[in-house]
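A quick write-up on the structure given underneath.
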Amino acid sequence: MLVTSLLDEHAYPSADFATLYRLRWGIETFYGILKTRLALENFTGQSVEAIKQDFYATIYLTGLESVLTDTAQACLDDRNTRHPQTVNRAVSFNAIKNQAFDLLFSNLDTHTLTEQLTTLFLKNPSSQRRERNPPRRKSSPRALLNFQKRKKKHCF
2 MLVTSLLDEH AYPSADFATL YRLRWGIETF YGILKTRLAL ENFTGQSVEA
52 IKQDFYATIY LTGLESVLTD TAQACLDDRN TRHPQTVNRA VSFNAIKNQA
102 FDLLFSNLDT HTLTEQLTTL FLKNPSSQRR ERNPPRRKSS PRALLNFQKR
152 KKKHCF
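Take 2 as the starting number for the sequence shown in this note's numbering and just add one per residue.
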């Protein structure tokens, strides 16, 4: 349900709001990835500089991940499978975090490293089963609080 204060149906048709909401969806899911998978809000330091470094490193990592997974995603799109497949983001983010230093600062051949990463991404795809909607499990507030208290940000 969408609530708005724009009441003029002729100037602002309701069909336009549905289109705008769909355009916004990719941005919303990107924020979800930043906050949950990459733990953007769980900073490694308390100074302004540490928070800026964490933020920019996370944004840089997501950009690097999208560039490095592009080739693998094109190969997965060409496959004729029962269910459409995508690059497994958990695998890709973890592999890129572990190889980021080698990709950027090592004397190793970056072409070889990117080929190894692409091979890894192709071996571990995620199948998109659109007709499946398993029910969500409800966590108790106490369990959620304990999880947030004990959660640590990994420093690489």
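The C-beta atom is built at its ideal place from N, Cα and C for all residues, glycine as well.
- Its Cα nearest to that of L35, the residue L62 stands out among T82, T20, L62 and V49.
- With respect to the C-alpha of S127, the residue from T82, L146 and R138 having the closest C-alpha is T82.
- Positions of the alpha helix (DSSP H) runs, each at least 4 residues long and wholly inside the stretch 19 to 99, are given as 49 to 79 in order along the chain.
- Considering only T59, Q100 and A12, the residue with the shortest C-alpha distance to Y32 is T59.
- When the Cα atoms are used, Q129 and C76 turn out to be separated by approximately 15 Å.
- The Cβ atoms of I97 and E66 lie closer than 8 Å to each other.
- For P126, the three-state secondary structure derived from DSSP is strand.
- The three-state secondary structure of R143, taken from DSSP, is helix.
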